[in-house]
Amino acid sequence: MLELIDGGLESLLRDTVPLSSLDVDVSFEAPDREWSARLSRPTVNCFLWDLRRSTERSKSGVQTMIRDGVRVHQPAYPVIELRFVITAWTSDHGDERSLLSGLLRALLAETVIPYAHLDSSLHHLDEPSIDLARAGEDHMDVFKALDGKVKPGLNVVVSTEFDVGVFVPAGPPVESFVTSVSRIGDADASATRRRRVAGEVLDADSRGLVGSVVRTPLGASRVGPTGRFLVPARTGDEVVIDAEPVLTAVVEDVGGVRFE
């Protein structure tokens, strides 16, 4: 996944600075003396020097989603902070300053790496955020560590969700609730079965059915903003939606009702 984030960051910089692929290279290698000696044209170096789990943007809990067409439960994606030092390398001091200014302007203007710059395999995750590190935050003297020449650099933090692939298949959604009522002390009495039946109206908003009354012989409800409702009913009862024309459905032994 890290190489996909690298690709997204490069695509963003090439588009927003901009950086022509005919004139400027983008490298993710360690910018040591051996690397810099091989340069033959202007280059932007994005050196990843640290990875850590985010404390500010961490999430908890379990979410339900669809993976490969299967409904699953999975823990919230952990958020990882990727810390880059971004530097400009040219043979001319003025060109270096100009390139570094373009990088700074682009990174200050952007808050995320948009999906348009990311591989499609990352589109189920939130767009990675992108921030310049602030004064007082952790940074690395990358050139001292790599025994390289001293250069100004931009400390950039990319925060991204990380799909660890941990999940369990989920059961079918709840479509009805069943309760039984009997008199205390009367073990032989037949329990009365009562249900609250879930229903759904497809395209309720565009059809003007949000808020419509839903009736059964046992009670009434209204169609919610998402087109769903919950009403008391028994097997064989008729569910009626007050609309033009009137919509009806019959409650089956199991499951809910759907109006298409």
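Sequential numbering from 101 applies to the sequence shown in the working numbering.
Every residue gets a Cβ at the ideal spot worked out from N, C-alpha and C, and that includes glycine.
From residue i to residue j, what does the alpha carbon distance come to, in whole angstroms?
i: D123; j: L112; result: 16 Å
i: G202; j: L254; result: 12 Å
i: R133; j: S191; result: 15 Å
i: G336; j: V351; result: 5 Å
i: V339; j: V313; result: 10 Å
i: D305; j: F359; result: 13 Å
i: R141; j: I186; result: 17 Å
i: P131; j: F147; result: 7 Å
i: V117; j: T211; result: 15 Å
i: V162; j: P175; result: 4 Å
i: E110; j: P332; result: 57 Å
i: L200; j: P178; result: 32 Å
i: A233; j: V256; result: 6 Å
i: D195; j: D150; result: 29 Å
i: E129; j: R157; result: 28 Å
i: G356; j: H224; result: 30 Å
i: D106; j: Y215; result: 13 Å
Quickly, what does DSSP pair residue i with across the bridge? List them, please.
i: T211; result: Note: T211 sits in no beta bridge, so no partner.
i: T155; result: None; T155 has no bridge partner.
i: W189; result: T143
i: L347; result: I341
i: H173; result: T164, V268
i: R358; result: E300
i: R133; result: Paired residue(s): none; R133 is not in a bridge.
i: D125; result: T143
i: I230; result: V258
i: I180; result: R153, T260
Less than 7 Å separating the Cβ of residue i from some heavy atom of the ligand SAH?
i: I166; result: Of the ligands one can find in the structure shown there are none, so the ligand SAH has no counterpart to examine.
Should residue i go down as buried or exposed, given a rule of 16 or more other Cβ atoms within 10 Å for buried?
i: V144; result: buried
i: V258; result: buried
i: I166; result: exposed
i: H217; result: buried
i: E181; result: buried
i: T155; result: exposed
i: R197; result: exposed
i: T316; result: buried
i: R295; result: buried
i: S221; result: exposed
i: V297; result: buried
i: L207; result: buried
i: G108; result: buried
Report the start-end ranges of each beta strand (DSSP E) in the region 283 to 343 that is 3 residues or longer and not cut off at the edges.
292 to 301, 313 to 316, 319 to 322, 328 to 333, 338 to 341
Kindly confirm or deny that the region 258 to 268 and the region 220 to 228 touch, where touching means at least three C-beta pairs closer than 8 Å. yes
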